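See structure below.
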Amino acid sequence: MEKMMTHYMELLATNQPWNLILFMAIPVILAETIAITELAILFTRNLTGGLRKLNKVASIIVGLYFTGVFVYLFINAVIPLTMNGEWRGFADVVAVGFYLSGIVPLLGMALLDMGIIGRKRTELARLKLHATFIGIFLVVAHIAMIFGMLDPSLFMMQM
21 MEKMMTHYME LLATNQPWNL ILFMAIPVIL AETIAITELA ILFTRNLTGG
71 LRKLNKVASI IVGLYFTGVF VYLFINAVIP LTMNGEWRGF ADVVAVGFYL
121 SGIVPLLGMA LLDMGIIGRK RTELARLKLH ATFIGIFLVV AHIAMIFGML
171 DPSLFMMQM
């Protein structure tokens, strides 16, 4: 019996190494940079140093970058897969859905750091919200990865 892969994993495996770099490496490296600098900022309480600047720049870049990824994949993958009934079961939908849900925390961080949201909050309150956003992103990204690596036939009914 041939094993299937989710559309998430197929996307990363196709056009090597470019899709892996564009859809996984860039967002994850930026998110990890944010998470690490966020911890250092929270521990030191240095809200104006170089780490905070790096954190802010990485947040804005990844938020705007992932917005482009989201729009591209929604138009070129989600809509056609849905219209043509080509989803490969529960694991496939969860993997792609959770991957794309990363737009909420990533864009949230970018908007926060661009001063579009959270303007009336203190710097420490914004940092706490920022840390919450990166935590949410790490959770949804890992759920996407776990379900994305599954053989989607595991959740399909056998007839």
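Going by this note's numbering, the first residue of the sequence shown is number 21, and it counts up by one from there.
Note that CB positions come from ideal geometry on N, CA and C, so glycine has one too.
Values in this document were obtained by computation on a predicted structure and should not be read as measured data.
With respect to P47, D112 sits apart: the two C-beta atoms are not nearer than 7 Å. Within the stretch 60–100, the runs of alpha helix (DSSP H) at least 4 residues long that lie entirely inside it are, in chain order, 70–93. Taking C-beta separations shorter than 6 Å and ignoring five residues to either side along the sequence, the partners of P125 in its chain run F153, I156 and F157, following chain order. Rounded to whole angstroms, the separation of the alpha carbons of R108 and F175 is 9 Å. In the three-state scheme derived from DSSP, where H, G and I count as helix and E and B as strand, I136 is classed as coil. Cα atoms of K73 and I163: separation of roughly 29 Å, rounded to the nearest angstrom. The beta carbon of E58 is closer than 7 Å to those of N75, H150, A151 and I154 in its chain, skipping five residues each way along the sequence.
From the listed residues P100, F94 and V160, the smallest Cα separation to A51 is found for V160.
Secondary structure of W38 (DSSP, three-state): helix.
Under the DSSP assignment, E106 falls outside any alpha helix (DSSP H); it carries neither an H nor an E label. Cβ-Cβ separation between L67 and L147: approximately 7 Å, consistent with a contact (criterion under 8 Å).
Per the coordinates, the alpha-carbon of F63 lies some 16 Å from the alpha-carbon of T53. The three-state secondary structure of L50, taken from DSSP, is helix. The beta carbons of A115 and Y28 sit closer together than 7 Å. Rounded to the nearest whole angstrom, the C-alpha separation of G168 and G122 is 14 Å.
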